[in-house]
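Chains A and B are the protein sequences, given in the same order.
Per the working numbering, the first sequence starts with residue 169, numbered consecutively.
Per the working numbering, the second sequence starts with residue 169, numbered consecutively.
Yeah, the Cβ is synthetic: ideal placement off N, Cα and C, and Gly gets one too.
Working notes, structure below.
There are 2 protein chains.
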Amino acid sequence: MDRPIAGVFCASVTPVTADLAPDHAAFVAHCRHLIEQGCDGVALLGTTGEANSFSGSERKALLEAAVSAGIAPDRLLPGTGVAAWSETVDLTRHALSLGVTRVVMLPPFYYKGISDDGLFAAYAEIAERVADPRLKVVLYHIPQFSGVPITFPVIERLRARYPDTFVGIKDSSGELNNMLALVERFPNFSVLAGADPLMLPLLRQGGAGCITATSNLVASDLAFIFRNHADPAKAAEVDAAQARVVAARTRVSQFAQIASIKTLLARSTGHANWANLRPPLLPLTAAEAAEL
Amino acid sequence: MDRPIAGVFCASVTPVTADLAPDHAAFVAHCRHLIEQGCDGVALLGTTGEANSFSGSERKALLEAAVSAGIAPDRLLPGTGVAAWSETVDLTRHALSLGVTRVVMLPPFYYKGISDDGLFAAYAEIAERVADPRLKVVLYHIPQFSGVPITFPVIERLRARYPDTFVGIKDSSGELNNMLALVERFPNFSVLAGADPLMLPLLRQGGAGCITATSNLVASDLAFIFRNHADPAKAAEVDAAQARVVAARTRVSQFAQIASIKTLLARSTGHANWANLRPPLLPLTAAEAAEL
């Protein structure tokens with residue numbers, strides 16, 4: 169089985185200054201750190217990255233900052249899916265113009281209860297208008313935020329019409345059974361876990377890796393699990409790494425997850441900006457931060 | 169009681185060409201028609217206007233086209249609220265730069281389950297950064313699409329801090345009781361019905377009018393109701409107009425509402441582009457159009 173995109177990808181948080189502007193220098197330093205820790209790539213500008221709190225021009229500037237600073241374009245998987253597909257086309261073309269060929273793409277997420285025909289039509293518009301054979305799209309299934317599930321019939325039609333473009337899915341539903349059903353149903357398609365603890369069970373049954381939030385903190389453990397999960401001689405070390413991943417995930421889920429991750433990064437890096445979030449998300453309270 | 173914004177405002181549909189580009193000429197003609205029919209203004213680029221299927225630059229170009237064509241800026245109430253408040257600031261400033269001072273503003277709608285503090289902080293950022301005393305914002309409560317209800321405590325704090333900016337709300341929840349509770353709780357605040365049949369009962373208990381979809385088709389009836397609902401001598405005519413409004417609303421709710429309105433406009437104007445929608449929304453099927 170071929171998996172076009174495989175590995176541990178960090179759903180990176182996005183640092184902002186006290187005035188809430190993206191902090192490019194801190195972001196680039198974080199990308200370097202994640203790659204040093206063993207991440208195969210950085211999935212910037214996803215839900216954890218507060219992507220939908222940044223304008224199109226802010227998103228472009230962040231990606232440009234990473235590429236300009238020397239982060240290899242093939243290590244970057246930006247989220248480019250926004251509510252309006254015409255803007256998704258623009259953001260995706262911009263990524264390609266920088267040599268970034270792999271993107272994670274939300275469905276158009278304002279209208280709810282849309283039909284499979286409508287969702288297919290939206291993704292098809294994007295593929296047709298971007299019209300770049302280099303493009304590889306990871307579909308982004310996160311119904312609890314998008315309100316628009318990516319259904320099996322839609323994936324089937326996208327795979328049939330654009331097999332070299334829609335090559336994988338990030339499943340952030342939290343339901344392992346859905347991920348396994350995707351693996352079963354779609355060969356040569358990369359199913360990536362959206363929750364850190366689920367990468368290991370998914371890998372054992374044909375999954376391709378993960379795009380996850382806790383990897384901002386425990387990337388080396390996830391990378392170790394990814395590379396060694398099938399080696400019986402490493403079973404104990406894999407189990408120990410998995411236990412640390414589960415513990416980290418539990419820790420950052422006690423309070424708001426993104427705020428918790430940022431608070432911990434502020435401590436580990438000594439860079440205070442990390443504790444900031446853009447409204448409508450808010451930093452942890454002092455009491456929460458102390459308890460964390 | 170003072171109602172800063174009052175009247176019948178049409179949540180205008182947005183025509184697109186066969187290639188799905190905004191059809192500026194047809195849109196301007198529709199604005200003129202709505203005003204001739206008695207609309208106090210055109211609330212373009214709302215949910216019915218498929219706003220969140222258009223990019224920022226497409227939204228700006230549509231508003232510019234209307235103003236350039238001579239539609240008075242004080243007749244235009246564009247939706248400027250998008251997921252990212254930094255872009256909401258940009259769209260709102262753009263409207264103000266054209267002399268358009270009244271906007272309808274969705275909350276940031278990607279993240280769900282956000283706190284009142286977070287929602288207040290997002291709207292406050294917008295007010296502080298736009299920083300234009302001319303600005304009048306109609307909050308947009310439509311939880312079934314946004315997933316982010318605008319709660320009473322948030323309205324109370326916005327009214328206290330920015331009383332001249334956050335002057336009203338479009339309530340598209342469909343719940344008359346919520347609208348009446350808003351009227352009761354917030355004096356000198358414009359509560360506008362988001363559903364056509366509810367304008368009349370709301371007006372009778374202190375509401376300020378409506379921003380609605382069916383007014384694309386029955387604007388003159390709504391305008392008649394608005395101007396005459398308190399006149400006992402016109403009671404029979406008001407009731408007859410209300411019956412036509414209810415019938416029109418029922419008719420376009422049989423199938424997908426936006427597609428139904430557009431189909432009927434394609435017929436009434438003879439302009440075929442009106443039947444087009446942007447994915448993920450789709451035109452009516454031939455069978456649906458025939459039955460309609």
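Is DSSP giving residue i helix, strand or coil here?
| i | result |
| --- | --- |
| A/Tyr-330 | coil |
| B/Phe-288 | helix |
| B/His-439 | coil |
| B/Leu-259 | helix |
| A/Thr-380 | strand |
| A/Cys-199 | helix |
| B/Arg-325 | helix |
| A/Leu-307 | strand |
| B/Arg-270 | strand |
| B/Ile-318 | coil |
| B/Val-181 | coil |
| A/Val-414 | helix |
| A/Lys-402 | helix |
| B/Leu-450 | coil |
| B/Gly-224 | helix |
| A/Lys-430 | helix |
| A/Ala-237 | coil |
| B/Ser-388 | helix |
| B/Pro-190 | strand |
| A/Ala-408 | helix |
| B/Ile-126 | Residue 126 of chain B lies beyond the residue range present for chain B, which begins at 169 and ends at 460; the question has no answer from this structure. |
| B/Asp-300 | coil |
| A/Ala-457 | helix |
| B/Ile-173 | coil |
| B/Ile-337 | strand |
| A/Val-351 | helix |
| A/Val-359 | strand |
| A/Val-210 | strand |
| B/Leu-245 | coil |
Residue i: buried (16+ other C-beta within 10 angstroms of its C-beta) or exposed?
| i | result |
| --- | --- |
| A/Thr-185 | exposed |
| B/Thr-248 | buried |
| A/Ser-265 | exposed |
| B/Gln-422 | exposed |
| A/Ala-219 | buried |
| B/Ser-436 | exposed |
| A/Arg-446 | buried |
| A/Gly-224 | buried |
| A/Glu-226 | buried |
| B/Gly-214 | buried |
| A/Glu-293 | buried |
| A/Arg-417 | buried |
| A/Ala-458 | exposed |
| A/Pro-183 | buried |
| B/Asn-384 | buried |
| A/Ala-461 | Chain A is shown only over 169 to 460; residue 461 of chain A falls outside these bounds and no answer can be derived. |
| B/Gly-267 | exposed |
| A/Asp-407 | exposed |
| B/Gly-491 | Limits of chain B in this structure are 169 at one end and 460 at the other, which puts residue 491 of chain B out of reach. |
Do residue i and residue j have their C-beta atoms within less than 8 Å of each other?
| i | j | result |
| --- | --- | --- |
| B/Asp-170 | B/Asn-356 | yes |
| A/Ala-231 | A/Leu-244 | It should be noted that the sequence gives Leu, not Ala, for residue 231 of chain A. Closer than 8 Å, so yes. |
| A/Leu-274 | A/Tyr-308 | yes |
| B/Val-359 | B/Gly-336 | yes |
| A/Pro-448 | B/Ile-323 | no |
| A/Asn-444 | A/Pro-451 | yes |
| A/Ala-290 | A/Pro-276 | yes |
| A/His-439 | A/Ala-240 | no |
| A/Ile-393 | A/Val-181 | no |
| B/Phe-313 | A/Lys-280 | yes |
| A/Phe-288 | A/Leu-326 | yes |
| B/Arg-261 | B/Val-298 | yes |
| B/Ala-381 | B/Ile-429 | yes |
| A/Gly-206 | A/Val-176 | yes |
| A/Phe-272 | A/Lys-228 | The question names Phe, yet the displayed sequence has Val at residue 272 of chain A. The answer is no: Cβ separation not under 8 Å. |
| B/Leu-371 | B/Met-347 | no |
| B/Ser-236 | A/Phe-222 | no |
| B/Tyr-278 | B/Ala-251 | yes |
| B/Val-257 | B/Ile-173 | no |
Worksheet item: Touch check for the segment 358-378 of chain A and the segment 401-419 of chain A: three-plus C-beta pairs under 8 Å?
Response: These segments touch.
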